[in-house]
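Chains as they are written, first to last, in the numbering used here: chain A, 1 to 125; chain B, 126 to 225; chain C, 226 to 717; chain D, 718 to 854. Taking it in order: structure first as structure tokens, then the write-up.
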Amino acid sequence: MQNLVINYYDTAAMILFGVGFMTLLLNNNLIKKIIGMNIMDTSIFLFFIVKGYIQGNRAPIYESMADGGAHFINPLPSALMLTGIVVAVSTTAFALALTIRIHDVYGTIELDEVIEKRRTGYERH
Amino acid sequence: MFRVASSVILTLILIMVLLTGVTELPQFGLADAPPHNEVMEKYNSESVEDTGSYNVVSAIVLDYRGFDTLIEATVLFCAAIIIIVSLKKPEGESDEELNT
Amino acid sequence: MNVIKMFPVVIILLLLLTAFGLPIVKKKKIVFQISLATIFIAFVMSGVTLNYVTQVGDYLLRIGPYDIPWGITFRIGYIEALMAMLFTGVSLMVGWYGVYSIHKDIEEKHIKYYYLLLHILLASLLGIVFTNDLFNGYVFVEATTLSSCGLIIIKNNKSTSKATFKYLIMSVLGSGLLLMGIAFLYAVTGHLNIGEVHRELVKVAAEKHNIVVISLSLLLVGLGVKGAMFPLHTWLPDAHSSAPSTSSALLSSLVLKAPVVFLIKIMYQVYGLDIIHTTPIFTILLILGLAGMILGSIFAINQKEIKRVIAYSTVAQMGYIFFGMGLGTEMGLMVSLFHVFAHALTKAMLFLCVGSMMEQSGYKYKDEFRGIGKEMPVTLGAFTLGALSMVGIPIFPGFISKWYYSIATINAGQYIFLGFILVSSLLNAVYYFPIVINGYFGKDNVKGKIYRAKYKPVKEVLPLAVLAIAMVMISGYSSTLLEYFKFGLNLK
Amino acid sequence: MKSLILKEVNRFTVILIYMFGIYIILHGHLSPGGGFAGGTIISAGLILYHMVYPERSNRVLSDDTVMKAICGALLVYGSIKSYHILHGILVTGHHAKEMAPYSIAGGGTLLILNTCVGIIVAGTFFSVTKLFLKGDQ
Numbered sequence: 001m002q003n004l005v006i007n008y009y010d011t012a013a014m015i016l017f018g019v020g021f022m023t024l025l026l027n028n029n030l031i032k033k034i035i036g037m038n039i040m041d042t043s044i045f046l047f048f049i050v051k052g053y054i055q056g057n058r059a060p061i062y063e064s065m066a067d068g069g070a071h072f073i074n075p076l077p078s079a080l081m082l083t084g085i086v087v088a089v090s091t092t093a094f095a096l097a098l099t100i101r102i103h104d105v106y107g108t109i110e111l112d113e114v115i116e117k118r119r120t121g122y123e124r125h
Numbered sequence: 126m127f128r129v130a131s132s133v134i135l136t137l138i139l140i141m142v143l144l145t146g147v148t149e150l151p152q153f154g155l156a157d158a159p160p161h162n163e164v165m166e167k168y169n170s171e172s173v174e175d176t177g178s179y180n181v182v183s184a185i186v187l188d189y190r191g192f193d194t195l196i197e198a199t200v201l202f203c204a205a206i207i208i209i210v211s212l213k214k215p216e217g218e219s220d221e222e223l224n225t
Numbered sequence: 226m227n228v229i230k231m232f233p234v235v236i237i238l239l240l241l242l243t244a245f246g247l248p249i250v251k252k253k254k255i256v257f258q259i260s261l262a263t264i265f266i267a268f269v270m271s272g273v274t275l276n277y278v279t280q281v282g283d284y285l286l287r288i289g290p291y292d293i294p295w296g297i298t299f300r301i302g303y304i305e306a307l308m309a310m311l312f313t314g315v316s317l318m319v320g321w322y323g324v325y326s327i328h329k330d331i332e333e334k335h336i337k338y339y340y341l342l343l344h345i346l347l348a349s350l351l352g353i354v355f356t357n358d359l360f361n362g363y364v365f366v367e368a369t370t371l372s373s374c375g376l377i378i379i380k381n382n383k384s385t386s387k388a389t390f391k392y393l394i395m396s397v398l399g400s401g402l403l404l405m406g407i408a409f410l411y412a413v414t415g416h417l418n419i420g421e422v423h424r425e426l427v428k429v430a431a432e433k434h435n436i437v438v439i440s441l442s443l444l445l446v447g448l449g450v451k452g453a454m455f456p457l458h459t460w461l462p463d464a465h466s467s468a469p470s471t472s473s474a475l476l477s478s479l480v481l482k483a484p485v486v487f488l489i490k491i492m493y494q495v496y497g498l499d500i501i502h503t504t505p506i507f508t509i510l511l512i513l514g515l516a517g518m519i520l521g522s523i524f525a526i527n528q529k530e531i532k533r534v535i536a537y538s539t540v541a542q543m544g545y546i547f548f549g550m551g552l553g554t555e556m557g558l559m560v561s562l563f564h565v566f567a568h569a570l571t572k573a574m575l576f577l578c579v580g581s582m583m584e585q586s587g588y589k590y591k592d593e594f595r596g597i598g599k600e601m602p603v604t605l606g607a608f609t610l611g612a613l614s615m616v617g618i619p620i621f622p623g624f625i626s627k628w629y630y631s632i633a634t635i636n637a638g639q640y641i642f643l644g645f646i647l648v649s650s651l652l653n654a655v656y657y658f659p660i661v662i663n664g665y666f667g668k669d670n671v672k673g674k675i676y677r678a679k680y681k682p683v684k685e686v687l688p689l690a691v692l693a694i695a696m697v698m699i700s701g702y703s704s705t706l707l708e709y710f711k712f713g714l715n716l717k
Numbered sequence: 718m719k720s721l722i723l724k725e726v727n728r729f730t731v732i733l734i735y736m737f738g739i740y741i742i743l744h745g746h747l748s749p750g751g752g753f754a755g756g757t758i759i760s761a762g763l764i765l766y767h768m769v770y771p772e773r774s775n776r777v778l779s780d781d782t783v784m785k786a787i788c789g790a791l792l793v794y795g796s797i798k799s800y801h802i803l804h805g806i807l808v809t810g811h812h813a814k815e816m817a818p819y820s821i822a823g824g825g826t827l828l829i830l831n832t833c834v835g836i837i838v839a840g841t842f843f844s845v846t847k848l849f850l851k852g853d854q
């Protein structure tokens with residue numbers, strides 16, 4: 001239990017993940033679903049990036065050659081998450097484009113209305 | 126109502142399970158946690174000699190794990206292509222679309 | 226020899242570089258030529274790699290100048306080389322078939338983008354199979370997701386948008402869980418390379434038991450979404466039935482299989498058998514696999530659209546693969562890998578046949594295909610071969626894998642599951658045979674009907690024939706394949 | 718966008734945004750930043766310019782040009798990376814480079830790689846946002 005307080009970043013990341021997951025499950029609005037998806041991704045980035053922190057050390061950038069790298073934080077999680085963020089941005093952009101297309105076809109972005117319109121065969125064009 | 130209740134319960138179970146994992150994680154910010162090992166030391170101390178980059182994150186992104194970045198650029202490119210394919214309308218049609 | 230060693234990475238780079246060049250190309254014919262030539266070269270190169278592996282055994286290949294804990298590595302062995310041959314071979318056939326039929330499904334100016342996405346998809350699938358680095362695997366999985374979404378959405382149809390959205394949301398959830406599992410592993414081991422993670426994990430597994438179980442289940446669920454494990458399969462029927470039929474063939478036969486291979490890698494190389502036996506993962510895989518086998522087939526019987534029938538059949542067949550993994554024996558795993566081959570070739574052929582039947586006749590529902598055998602005997606013949614294989618008739622790979630599944634079940638001492646295999650085969654027969662029988666002997670639609678579907682020219686049916694021959698050939702060489710898988714798994 | 722003030726101010730700010738983006742890309746290996754950060758900033762400038770002067774932006778940077786730039790940058794990036802990877806596999810034991818002085822050119826190929834990444838990111842975001850903007854007008 002005490003560990004949850006010490007690792008407060010991890011705890012926060014997990015709760016944030018839950019928030020995102022619930023947003024994804026509960027909302028009918030496609031944009032809100034995408035927001036939930038993004039919250040989830042962000043929580044994972046937070047969780048991963050915290051793994052690289054070392055108390056008292058600073059960002060891994062040389063200011064002069066005398067630095068020597070002994071007082072740097074772990075650069076690997078930061079570098080990995082840079083990759084992860086770009087991937088998340090790509091998926092978000094694609095999801096938004098899909099939402100535009102769904103709006104073009106059905107005239108709504110509420111999921112239950114889309115399903116209703118599919119069932120009754122109503123389409124805008 | 127049932128849907129809301131079941132999602133809340135599912136989410137709570139998920140959070141509980143994940144927090145069980147957090148209790149076993151190494152302490153936050155300690156210098157002797159498992160990730161701070163020889164891999165990190167090489168990145169931090171030899172990046173200038175190996176790659177010529179003073180920014181260690183840049184060195185990892187572009188050189189040590191450069192293959193990942195190539196795939197990542199591919200993902201970005203792929204997303205751009207898909208969006209162009211799914212949203213771009215033929216030139217003549219787009220004006221008509223605006224008027225309606 | 227050094228040059229042959231690096232063929233796997235050359236294949237991936239070649240596919241990516243040609244993909245980057247394709248949008249600049251103007252002429253459709255040149256797109257086809259470049260694409261097919263590249264995939265053919267990739268196929269030949271994977272064959273050479275397999276040959277090289279039979280001579281020297283497994284080897285690690287570092288990507289770039291940095292050695293193992295610092296850089297990314299590939300691990301090339303029997304399984305990887307064989308999977309590479311399967312993936313490139315099937316995509317070559319699908320791409321070749323697409324040359325004649327793709328313009329009926331998608332717009333003319335999108336064809337080059339279609340082949341571009343095919344290249345990226347193939348490269349990332351091969352990457353998932355080859356990789357020996359967890360994060361690299363994650364990036365490849367994401368590339369697979371996006372490019373397969375692209376292959377669905379490229380058909381400018383009303384139903385594709387919603388199906389793709391569902392697929393995308395499920396996939397993003399899956400890859401999120403996958404990344405979180407990797408984060409847990411990284412937090413306790415400090416490495417991303419699979420071998421190093423295993424070495425460190427063995428040391429800490431006893432005191433970090435919760436993390437072992439949680440990370441394994443996160444990875445299982447994450448890859449289970451991608452591989453259509455039973456309760457997580459809900460995206461599959463929509464996505465596969467609304468895509469263009471060449472895309473359906475690729476999605477069903479290849480895209481589902483790469484995560485399975487990655488899962489096998491994670492189970493046996495990251496965790497290792499000793500740790501895995503302390504977790505309930507085998508039981509979970511077994512139960513979910515059985516549920517998929519039975520319920521997937523039952524869902525398939527109730528479908529009306531012919532493509533949805535085949536899509537649900539994929540769920541059932543993925544159930545077989547997870548069932549074999551869940552047996553927890555070497556034999557079960559070997560048969561699952563063999564079934565990956567059998568299902569990939571058969572399902573690609575089935576989807577291409579159905580696609581060509583649908584495009585020629587313009588029908589969509591399975592009842593409308595009565596009497597189609599009189600118009601398109603060759604295509605329906607190929608479909609019949611695939612259906613026979615799926616049901617499990619001797620000399621076809623479906624039979625071989627069911628036979629070995631039975632042997633593996635008996636060896637594991639779990640006789641009750643034999644009944645499940647039998648029931649599932651019968652259910653397969655219930656939904657495949659009516660289509661075939663009605664296709665050949667159905668009289669309803671024949672009278673007074675205008676034959677819209679003329680024969681296809683022989684060259685357009687040739688890819689189907691090649692797939693059929695490959696299908697029969699792998700059942701002929703099944704013992705060799707199983708032996709290779711045994712070498713590749715190399716379990717103690 | 719019809720406001721005159723916006724149009725006039727935009728002429729200067731866009732140049733500053735480009736300069737800031739290019740600075741971040743070129744100093745990617747010396748200071749925080751790099752291709753991704755700089756590319757997003759440049760794409761923000763391009764989008765701003767497109768919103769204020771849509772006709773001129775369409776004339777100078779047509780979709781075709783942007784696509785060609787992205788593909789060209791990806792090809793250059795991919796070939797340099799392929800060369801690195803294949804060369805690295807063949808040559809056992811990598812050669813440590815000479816101590817690079819603290820300068821833009823010190824990074825060797827890193828500068829080219831960062832520039833390519835910058836072009837890819839800027840081009841992608843620009844073309845995607847242009848498509849998203851179409852529905853709004």
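From the three backbone atoms N, C-alpha and C, an ideal C-beta is built for every residue, glycine too. The model shown is predicted, which means the values in this text are computed figures rather than measured ones.
How should Thr634 of chain C be labelled, buried or exposed, when 16 other C-beta atoms within 10 angstroms of its C-beta is the threshold for buried?
Looking up residue 634 of chain C in the third sequence gives position 409. Counting Cβ neighbours within 10 Å, Thr634 of chain C comes out buried, since at least 16 surround it.
I'd like to know if Pro294 of chain C contacts chain D, where contact means its C-beta is closer than 7 Å to some C-beta of that chain.
Along the third sequence, read from residue 1 onward, the residue named residue 294 of chain C stands at position 69. So no, Pro294 of chain C is outside the interface.
Does Ala88 of chain A have its Cβ less than 7 Å from a Cβ in chain D?
Residue mapping note: residue 88 of chain A aligns to position 88 of the first sequence, counting from 1. Against chain D, the CB of Ala88 of chain A has no partner CB under 7 Å away; the residue lies outside that interface.
Assuming Thr298 of chain C is part of the beta strand (DSSP E), what are its boundary residues?
Counting from one through the third sequence, the residue named residue 298 of chain C turns up at place 73. Taken as a continuous stretch (DSSP letters only), the beta strand (DSSP E) holding Thr298 of chain C covers Ile297 to Ile301.
Can you find a C-beta in chain C that's less than 7 Å from the C-beta of Thr42 of chain A?
On the first sequence, residue 42 of chain A is found 42 positions in, with the first residue counted as 1. No, Thr42 of chain A does not count as interfacial toward chain C.
Is it true that the CB of Ala567 of chain C sits closer than 7 Å to the CB of Ser626 of chain C?
Against the third sequence, residue 626 of chain C aligns to sequence position 401. Against the third sequence, residue 567 of chain C aligns to sequence position 342. Result yes, Cβ atoms of Ser626 of chain C and Ala567 of chain C sit closer than 7 Å.
Scan the stretch 774-793 of chain D for residues whose Cβ lies nearer than 7 Å to a Cβ of chain C and list them as they occur along the chain.
Cβ contacts with chain C come from Met784, Lys785, Cys788, Leu791 and Leu792.
Pull up the distance between the alpha-carbon of Tyr630 of chain C and that of Arg424 of chain C, whole angstroms please.
Working through the third sequence from its first residue, we reach residue 630 of chain C at position 405. Working through the third sequence from its first residue, we reach residue 424 of chain C at position 199. When rounded, the distance between both Cα atoms is 32 Å.
So, Asn663 of chain C versus Val616 of chain C, is the Cβ gap smaller than 7 Å?
Mapped onto the third sequence, residue 663 of chain C falls at position 438. Mapped onto the third sequence, residue 616 of chain C falls at position 391. Not a contact, by the Cβ cut-off of 7 Å.
Report the partner residues of Thr356 of chain C according to the DSSP bridge assignment.
As a first step, residue 356 of chain C must be located in the third sequence, where it is residue number 131. Thr356 of chain C is bridged to C:Phe299.
Where Val603 of chain C and Cys578 of chain C are concerned, what is the direct C-alpha to C-alpha distance, given to the nearest angstrom?
Here residue 603 of chain C refers to the residue found at position 378 when the third sequence is read from its first residue. Here residue 578 of chain C refers to the residue found at position 353 when the third sequence is read from its first residue. Cα to Cα, Val603 of chain C sits roughly 9 Å from Cys578 of chain C.
Let me know if Met736 of chain D comes out buried or exposed under the rule of 16 or more other beta-carbons within 10 Å of its beta-carbon.
Counting from 1 along the fourth sequence, the entry for residue 736 of chain D is found at position 19. Met736 of chain D comes out exposed.
Contacts of Tyr819 of chain D in chain B (Cβ-Cβ under 8 Å):
Position 102 of the fourth sequence, counting from 1, holds the residue named residue 819 of chain D. Within chain B, the residues near Tyr819 of chain D are Tyr179.
Per DSSP, Asn29 of chain A is paired with what?
Counting from one through the first sequence, the residue named residue 29 of chain A turns up at place 29. Bridge partners of Asn29 of chain A: A:Glu110.
Examine the Cβ distances between the stretch 697-706 of chain C and the stretch 318-338 of chain C and report whether three or more of them are shorter than 8 Å.
When Cβ pairs closer than 8 Å are counted between the two stretches, the stretch 697-706 of chain C is seen not to touch the stretch 318-338 of chain C, the count staying below three.
Ser478 of chain C vs Ala569 of chain C beta-carbon contact at 7 Å:
Counted from its first residue, the third sequence places residue 478 of chain C at position 253. Counted from its first residue, the third sequence places residue 569 of chain C at position 344. Yes, the Cβ-Cβ distance between Ser478 of chain C and Ala569 of chain C is below 7 Å.
Is there a Cβ of chain D sitting closer than 7 Å to that of Met270 of chain C, yes or no?
Counted from its first residue, the third sequence places residue 270 of chain C at position 45. Answer no: the Cβ-Cβ gap between Met270 of chain C and chain D never drops below 7 Å.
Could one say the Cβ of Ala93 of chain A lies closer than 7 Å to chain B's Cβ atoms, at least one of them?
If you number the first sequence from 1, residue 93 of chain A lands on position 93. So, interface residue.
Is Val731 of chain D close to chain A, meaning its C-beta is less than 7 Å from at least one C-beta of that chain?
Position 14 of the fourth sequence, counted from the first residue, corresponds to residue 731 of chain D. Cβ-Cβ to chain A under 7 Å: no for Val731 of chain D.
Mark Gly217 of chain B as exposed unless 16 or more other C-beta atoms lie within 10 angstroms of its C-beta, in which case mark it buried.
Mapped onto the second sequence, residue 217 of chain B falls at position 92. Low confidence applies to Gly217 of chain B: its pLDDT is 48, below 50, so where it sits in the model is not reliable enough to give any reading.
Positions along the stretch 29-62 of chain A whose CB lies within less than 9 Å of some CB in chain D:
Ala59, Ile61 and Tyr62
Considering Leu827 of chain D, what are the terminal residues of the alpha helix (DSSP H) in which it resides?
Against the fourth sequence, residue 827 of chain D aligns to sequence position 110. Counting along the chain, the alpha helix (DSSP H) containing Leu827 of chain D begins and ends at Thr826 to Lys851.
So, for Asn727 of chain D: in the same chain, excluding its five sequence neighbours on each side, which residues have a beta-carbon less than 6 Å away from its beta-carbon?
Along the fourth sequence, read from residue 1 onward, the residue named residue 727 of chain D stands at position 10. Here the set comprises Val769.
Please name the residues in the stretch 748-770 of chain D whose beta-carbon is closer than 7 Å to at least one beta-carbon of chain B, in chain order.
Ser748, Pro749 and Gly751
For the alpha helix (DSSP H) holding Tyr168 of chain B, just list the boundary residues, first then last.
Counting from one through the second sequence, the residue named residue 168 of chain B turns up at place 43. Glu163 to Thr176 is the span of the alpha helix (DSSP H), which, as asked, contains Tyr168 of chain B.
Is it the case that the stretch 42-62 of chain A contacts the stretch 15-34 of chain A, given that we only count it when at least three CB pairs across the two stretches are under 8 Å?
Yes: at least three Cβ pairs fall under 8 Å.
Determine, for Tyr720 of chain C, whether the minimum Cβ-Cβ distance to residues of chain B falls below 7 Å.
Shown here, chain C extends from 226 to 717; a query on residue 720 of chain C therefore has no answer.
Please classify Asn382 of chain C: does DSSP put it in a helix, a strand, or coil?
Stepping through the third sequence from its first residue, residue 382 of chain C is reached at position 157. Correct three-state label for Asn382 of chain C: coil.
Can you give me, in chain order, the residues of the stretch 362-391 of chain C that have a beta carbon less than 7 Å from any beta carbon in chain B?
Within the stretch 362-391 of chain C, the residues whose Cβ lies closer than 7 Å to any Cβ of chain B are, in chain order, Val364, Phe365, Glu367, Ala368, Leu371, Ser372, Cys374, Gly375, Ile378 and Ile379.
For Thr99 of chain A, which residues from the same chain have a beta carbon less than 8 Å from its beta carbon, with the 5 sequence-adjacent residues on both sides left out?
For the purposes of this step, residue 99 of chain A is taken as residue 99 along the first sequence, with counting starting at 1. Excluding residues within five positions, the ones whose Cβ falls inside 8 Å are Leu30, Ile31, Ile34 and Ile109.
Min CB distance Val845 of chain D to chain A below 7 Å:
Here residue 845 of chain D corresponds to residue number 128 of the fourth sequence, with the count starting at 1. With 7 Å as the cut-off, Val845 of chain D counts as an interface residue toward chain A.
Can at least three beta-carbon pairs, one atom from the stretch 84-99 of chain A and one from the stretch 430-442 of chain C, be found at a separation below 8 Å?
no
Can you tell me whether DSSP reads Leu285 of chain C as helix, strand or coil?
By one-based count along the third sequence, residue 285 of chain C stands at place 60. Strand.
Tell me which residues share the same chain as His328 of chain C and place their Cβ nearer than 7 Å to its Cβ, disregarding the 5 neighbours each side in the sequence.
The residue labelled residue 328 of chain C in the question sits at position 103 within the third sequence. Around His328 of chain C, the same chain offers Ile336 as residues with beta carbons nearer than 7 Å, after the five sequence neighbours per side are excluded.
Measuring only between beta-carbons, confirm whether Gly795 of chain D sits less than 7 Å from chain C.
Taking the first residue of the fourth sequence as 1, we reach residue 795 of chain D at position 78. Yes, Gly795 of chain D lies at the interface with chain C (some Cβ there is under 7 Å from its Cβ).
If contacts are defined as beta-carbon pairs under 8 Å, then Ile734 of chain D and Ala790 of chain D qualify, I think. What distance do you get, rounded to the angstrom?
Position 17 of the fourth sequence, counted from the start, is the residue given in the question as residue 734 of chain D. Position 73 of the fourth sequence, counted from the start, is the residue given in the question as residue 790 of chain D. That belief does not hold up - the Cβ atoms of Ile734 of chain D and Ala790 of chain D are roughly 20 Å apart, past 8 Å.
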